[in-house]
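Below: the structure, in structure tokens.
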Amino acid sequence: MDMNIHSDPLVNRDDPIPVVAISAPRDDLSPTEYDRPKGSKRAAIRQSLSSGKLREKFDSFKEQSSSRGHQRSVSSSASESPSKIQDRLMNMLLQQMIPGENVDDGSRPKDRRSRKYVERPGFSIPTMSYNFRRFNSRIGVVFVFENRLIRLFSWKDPTHTLAFLVIYSFVCLDPNLLAVVPLAGCLFFVMVPAFLARHPPPPSHLPTDVHPLHGPPMAAPQNIKPAPEFSKDFLRNMRDLQNSMEDFSRVHDAAINFITPPTNFSDEGLSSALYLILFMTTIVLFIAAQVLPWRAVFLVTGWVLVGACHPRAQTFLEETHVEEFIEEQGQHAAHWLHAFAESDIDLSHAPEQREVEIFELQRRASDAPDAEYEPFLFTTHPYTPLSPARIAGDRPRGSRFFEDVEAPNGWRWADKKWTLDLLSRDWVEDRCITGVEVEIEGERWVSDIQYDEGIDFASLALASNEDITRTGVAAAGLALVGGGNGLAAQSTPNLGQTATLRPRPAVKSWEEGDGSRKKGMWRRRRWVRLVERRPLPPPEDVYLSAQNE
């Protein structure tokens, strides 16, 4: 028998999806509270069929008719409707405000498994409208499932609810049956109804007659199709979608108001107490989880929750004021947590303090013994003879005056002035600084040592191995100790030529000399100061979106 496939949209034609009654903040009223139409039913239908929706419908009809083969002339393109021009201008404005994803379209091969190359079109009003219409035409299956769950747990059909509790009990007693539930659901809720739809009973069928399951199919197979636009099913989906959005907003606000205050450390004592309780509970469950009778726990919990949804149970709970009792117990628990936090948790600590340092550099213009040092700048590095900046020939960077030195980012000054570090020898030894003279008294300057100019330290560094073994002193080490006319200023000899040993002058350090011209061009000393953590400004509001991932 040749039959056409019968298509029917899957739409919730039963009761509308209800709105969850959760007390929302009064400063953010829901649209249903101040935008609810106050007129008759005709006014509500007129509001749902607004001019904007009709205009989008007519535009879609025009696009469909043009795609079937009608060629647009130059005159028709010139006389484009103002609404489309307005939409194009709005799209251009939104594209400037909301930049698209910057995907590198280089020559390298694209990995299609990566999220980076997934198509992510920008925001567009026509695309948004088109996708919303398609989504609203197909969302009916979700609302049908939600409505059936509401009927199941509200005991509309007690036999259905009891059957669900029996199945739930079997799964709790034997969790291995959980693998059977999806397959059984597919058999009894998908395939059996589809078979009965193709083999319907005769019109004169009595309830006591046996359903005929043999013979050829007498009806066309059912198929699910999207709801036509502006049909009753389409409007029902819009109604349920409106209520579902309100449900999600209220549940979201209620969850944030319940979870955020005790967990975001706005009250550090309460959050710390809650953290300790959760931490200890985690440790206990990690050890004793295998001892608890989880099957009995889930079985009793499921029966209690489903039984509490019975109308008689709801009436009993309202008469006994259980909601007020639960609220009172919650207040007692919060009071106990506050008392525990105030008595056992000490949060009165001083701000974290650290010590920062700055080096005062002075420089003299020449190597003359009578040349005086002049203030140069204040820098964060001591600019020693073997520092990378000194070897590279870079000038030190810093501030000219003490007043220009600022605290590190995120810190503030804890005392009023800088203090001279009198233990200059300690910070020199901690940094393994060589080639300097340290003052242990007086102004605590650490000055560079100026060696004799007649000594070729680079030639000493290239001395033969037997000479190093004989003298017991590494020539390379002597070259590195040199000052401004040391290793960086020497030319490298040709290693391919045979080195001719010639008598070298004896190296005399400034301790062995007469003490003249022993100091270099640079000297520095260390200043310290205490800083403490600066309170951060209030953070901006956090908005959860895909861009944050």
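Each residue of the sequence shown is one higher than the one before, starting from 165 at the first, in my numbering. Cβ coordinates follow ideal geometry from the N, Cα and C atoms, glycine included.
With DSSP collapsed to three states, give me the class of residue 342.
Residue mapping note: residue 342 aligns to position 178 of the sequence shown, counting from 1. DSSP places residue 342 in helix when its eight states are reduced to three.
Where do the N-terminal and C-terminal ends of the beta strand (DSSP E) with residue 609 fall, by residue?
Taking the sequence shown and counting its residues from 1, the one referred to as residue 609 is at position 445. First-last for residue 609: undefined, no H or E at that position.
Jot down the residue ranges of each uninterrupted beta strand (DSSP E) in the segment 426-511, minimum 3 residues, whole runs only, in chain order.
Taking only runs of at least 3 residues, no beta strand (DSSP E) segment lies wholly in the segment 426-511.
In the DSSP assignment, find the beta strand (DSSP E) that holds residue 539 and state where it starts and stops.
Counted from its first residue, the sequence shown places residue 539 at position 375. 538-543 is the extent of the beta strand (DSSP E) around residue 539.
If residue 610 sits next to residue 588, beta carbons under 8 Å apart, how far is it from one beta carbon to the other, in whole angstroms?
As a position in the sequence shown, residue 610 is number 446, starting the count at 1. As a position in the sequence shown, residue 588 is number 424, starting the count at 1. Yes, they are in contact, since the Cβ atoms of residue 610 and residue 588 sit about 6 Å apart, within 8 Å.
Look up residue 691 in the DSSP assignment and give the residues it is bridged to.
The count along the sequence shown starts at 1 and reaches residue 691 at position 527. Answer is 522 and 584.
So for residue 240, helix, strand or coil by DSSP?
As a first step, residue 240 is located in the sequence shown; it is residue number 76 there, counting from the start. Confidence at residue 240 is low in this model, with a pLDDT of 45, below 50, so the placement of that residue should be treated as unreliable; the coordinate-derived value is given next. It is helical.
Starting from the C-beta of residue 427, find all residues in its chain whose C-beta is less than 8 Å away, skip the five residues before and the five after it, and write them out in chain order.
For the purposes of this step, residue 427 is identified with residue 263 of the sequence shown, where counting begins at 1. So the list reads 435 and 438, once near-sequence residues are dropped.
Ignore the nearest five residues each way along the sequence and tell me which others in residue 289's own chain have a CB closer than 8 Å to its CB.
Position 125 of the sequence shown, counting from 1, holds the residue named residue 289. The residues are 251, 254, 255 and 258.
Within the same chain, show all residues whose beta-carbon is closer than 8 Å to that of residue 177, passing over the 5 residues directly before and after it, in chain order.
Numbered from its first residue, the sequence shown carries residue 177 at position 13. Here the set comprises 397 and 400.
Which word fits residue 517, buried or exposed, when buried means at least 16 other C-beta atoms lie within 10 angstroms of its C-beta?
Taking the first residue of the sequence shown as 1, we reach residue 517 at position 353. Flag for residue 517 reads exposed.
Between the Cα of residue 309 and the Cα atoms of 429, 353 and 358, which residue gives the shortest distance?
Counting from one through the sequence shown, the residue named residue 309 turns up at place 145. For residue 309, the nearest C-alpha among the options comes from 353.
Would you mind sorting residue 683 into buried or exposed? The rule is 16 or more other CB atoms within 10 Å of its CB.
Position 519 of the sequence shown holds residue 683. Classification of residue 683: buried, given that the 10 Å Cβ count is 16 or more.
If you measure between the beta carbons of residue 526 and residue 546, is that distance less than 8 Å?
For this step, residue 526 is matched to residue 362 along the sequence shown. For this step, residue 546 is matched to residue 382 along the sequence shown. No.
Measure the beta-carbon distance from residue 612 to residue 687 and round it to whole angstroms, keeping in mind my assumption that it falls under 8 Å.
By one-based count along the sequence shown, residue 612 stands at place 448. By one-based count along the sequence shown, residue 687 stands at place 523. That pair is a contact at about 7 Å.
Is the beta carbon of residue 150 sitting closer than 8 Å to the one on residue 577?
Lying outside 165 to 713, the shown extent of the chain, residue 150 is not represented and no answer is given.
Spatial neighbours of residue 581 within its chain, please: C-beta separation below 8 Å, excluding the five flanking residues on both sides.
On the sequence shown, residue 581 is found 417 positions in, with the first residue counted as 1. So the list reads 693, once near-sequence residues are dropped.
Since residue 561 and residue 543 should fall inside the 8 Å C-beta cutoff, what is the C-beta to C-beta distance between them, to a whole number of angstroms?
For this step, residue 561 is matched to residue 397 along the sequence shown. For this step, residue 543 is matched to residue 379 along the sequence shown. Contact flag correct, Cβ pair sits at about 6 Å.
Mapping the DSSP letters down to three states, classify residue 649 as helix, strand or coil.
Translated into positions along the sequence shown, residue 649 becomes position 485. Interpretation of residue 649 is limited by its pLDDT of 36, a score under 50 that renders its predicted location unreliable; the figure taken from the coordinates is listed afterwards. DSSP places residue 649 in coil when its eight states are reduced to three.
Run the CB neighbour count on residue 579, radius 10 Å, all protein chains shown included, and call it buried at 16 or more, exposed below.
To locate residue 579, count along the sequence shown from 1; it is residue 415. It counts as exposed.
Classify residue 508: buried if its beta carbon has 16 or more other beta carbons within 10 angstroms, exposed otherwise.
Along the sequence shown, one-based indexing puts residue 508 at 344. So residue 508 counts as exposed.
With which residues is residue 602 paired in a DSSP beta bridge?
Locating residue 602 in the sequence shown gives position 438, where the first residue counts as 1. Partner(s): 610.
What residues in its chain sit with their C-beta under 7 Å from that of residue 501, if we drop five residues either side in the sequence?
The residue given as residue 501 occupies position 337 in the sequence shown. Excluding residues within five positions, the ones whose Cβ falls inside 7 Å are 434, 437 and 438.
With distances taken between CB atoms, is the gap from residue 361 to residue 391 smaller than 8 Å?
Locating residue 361 in the sequence shown gives position 197, counting from the first residue. Locating residue 391 in the sequence shown gives position 227, counting from the first residue. Going by C-beta atoms, residue 361 is not nearer than 8 Å to residue 391.
Please work out which residues of its chain come closer than 8 Å, Cβ to Cβ, to residue 595, disregarding the five sequence neighbours upstream and downstream, and give them in chain order.
If you number the sequence shown from 1, residue 595 lands on position 431. Correct list, in chain order: 546 and 548.
When you compare the CB positions of residue 572 and residue 697, do they come within less than 8 Å of one another, or not?
For the purposes of this step, residue 572 is taken as the residue at position 408 of the sequence shown. For the purposes of this step, residue 697 is taken as the residue at position 533 of the sequence shown. It is not a contact, given that the beta carbons lie outside the stated cut-off.
Flag this pair as yes or no: are the beta carbons of residue 284 and residue 523 separated by less than 8 Å?
Reading the sequence shown from its first residue, position 120 is the one you call residue 284. Reading the sequence shown from its first residue, position 359 is the one you call residue 523. No, the pair does not count as a contact, with Cβ atoms beyond the cut-off.
Give, in chain order, every unbroken run of the alpha helix (DSSP H) that is at least 4 residues long and sits entirely within the segment 342-383.
The qualifying runs are 344-350 and 356-362.
For the pair the segment 413-422 and the segment 327-345, tell me if three or more CB-CB distances fall below 8 Å.
No, the segment 413-422 is not in contact with the segment 327-345.
Have a look at the DSSP bridge pairing and note the partners of residue 570.
The residue you call residue 570 lines up with position 406 of the sequence shown. According to DSSP, residue 570 bridges with nothing at all.
If you drop the 5 nearest sequence neighbours on each side, which residues of the same chain put their C-beta closer than 8 Å to that of residue 574?
For this step, residue 574 is matched to residue 410 along the sequence shown. Excluding residues within five positions, the ones whose Cβ falls inside 8 Å are 697, 698 and 700.
Please list the terminal residues of the continuous alpha helix (DSSP H) segment that includes residue 312.
Numbered from its first residue, the sequence shown carries residue 312 at position 148. Unbroken alpha helix (DSSP H) run through residue 312: 304-317.
What do you get for residue 702, buried or exposed, if any count of 16 or more other CB atoms within 10 angstroms of its CB means buried?
Position 538 of the sequence shown, counted from the start, is the residue given in the question as residue 702. Exposed is the call here.
Measuring CB to CB, does residue 414 end up less than 8 Å from residue 180?
As a working note, residue 414 is residue 250 in the sequence shown. As a working note, residue 180 is residue 16 in the sequence shown. No.
Could you tell me the distance, in whole angstroms, from the CA atom of residue 443 to the CA atom of residue 488?
Counting from one through the sequence shown, the residue named residue 443 turns up at place 279. Counting from one through the sequence shown, the residue named residue 488 turns up at place 324. Going from the Cα of residue 443 to the Cα of residue 488 covers about 30 Å.
Looking only at its own chain, which residues have a Cβ that is under 7 Å from the Cβ of residue 462, when we skip the five neighbours before and after it?
Here residue 462 refers to the residue found at position 298 when the sequence shown is read from its first residue. Same-chain partners within the cutoff: 336.
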